[in-house]
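Okay, structure first, notes after.
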Ligand code: ADP
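In our numbering, the protein residues as written are 2 to 195.
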């Protein structure tokens, strides 16, 4: 299995690059943001709980997203590998993910981080908000809150993987194809090392 964590702030391009990785490597994308939006669309209890937090740009509780990921891992036992997108977002989530994978004799091959400065992020998210229909993309205050949550709670997750020698970062500003080529080069290295 090839398990990757795609890392970066909101608007860094994780979703765009995930789509290309799915096509090229046949990996399964597990996006906790997409899963939560699907729960909201279906009007589930979980969705209702998450909706208020997401609308404010806050993280939903660790136990909620860990439970969702655990279910997806169980439901896709014969996957060639997973791309974790928007997860883990806290160190507690990263620890839980390691445990979940360990129980299946699997592990994370590497974390690939897309680096984009705050000003560019705000610009991209506001632009995305015009077409995405996502309420959290339409409001500059919520966007800033999401970037703050990322800087406060999610940045330490990079150190978690750095300490395991699994961290690589690349510049997330440039052409989609150029960034994809950089990611593929990292994946080839990870595969050769495996
Ligand atoms: P973005 O990366 O553009 O902010 P996501 O779709 O990944 O978008 O997440 C949207 C919102 O969903 C987040 O602001 C947060 O409220 C919630 N969320 C998604 N993933 C997680 C997670 N792993 N832990 C906690 N909250 C999450």
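Just so it is clear, CB atoms sit at the ideal spot from N, CA and C, and this is done for glycine as well. Model, not experiment: these values are computed from the prediction.
Paired residues, beta bridge with residue i - DSSP
{"i": "residue 116", "result": "172"}
{"i": "residue 180", "result": "DSSP, once it has assigned bridges, lists no residue as partnering residue 180."}
{"i": "residue 84", "result": "5, 30"}
Cβ-Cβ separation, residue j to residue i (assumed contact under 8 Å), whole Å
{"i": "residue 110", "j": "residue 191", "result": "5 Å"}
{"i": "residue 89", "j": "residue 158", "result": "6 Å"}
{"i": "residue 137", "j": "residue 56", "result": "6 Å"}
{"i": "residue 11", "j": "residue 147", "result": "5 Å"}
{"i": "residue 4", "j": "residue 102", "result": "7 Å"}
{"i": "residue 41", "j": "residue 51", "result": "7 Å"}
{"i": "residue 123", "j": "residue 59", "result": "About 18 Å separates the two Cβ atoms, so there is no contact after all."}
{"i": "residue 161", "j": "residue 95", "result": "5 Å"}
{"i": "residue 31", "j": "residue 99", "result": "Actually they do not touch by this definition, with Cβ atoms about 15 Å apart."}
{"i": "residue 91", "j": "residue 154", "result": "5 Å"}
{"i": "residue 2", "j": "residue 120", "result": "Contact doesn't hold; Cβ gap of about 38 Å is too wide."}
Cβ-heavy atom distance, residue i to ligand 3, below 8 Å
{"i": "residue 61", "result": "Absence of ligand 3 from the depicted structure is noted, with ligand 1 being the only ligands included."}
> Can you list the alpha helix (DSSP H) stretches of 4 or more residues lying completely in the stretch 19-78, in chain order?
Replying inline: List check, alpha helix (DSSP H) in window: 33-42, 46-56, 63-76.
> Between the stretch 113-121 and the stretch 173-180, do at least 3 Cβ pairs fall closer than 8 Å?
Replying inline: Yes, the stretch 113-121 touches the stretch 173-180.
> Of all the alpha helix (DSSP H) runs that stay within the bounds of the stretch 100-169, which reach a length of 4 or more residues?
Replying inline: You should have 119-133, 136-139, 141-150, 156-163.
>> Counting beta carbon pairs with one atom in the stretch 16-26 and one in the stretch 66-79, are three or more of them shorter than 8 Å?
In response: They do not touch, by the three-pair rule.
> So does the stretch 23-30 actually touch the stretch 77-89, counting three or more Cβ pairs closer than 8 Å?
Replying inline: Touching, yes.
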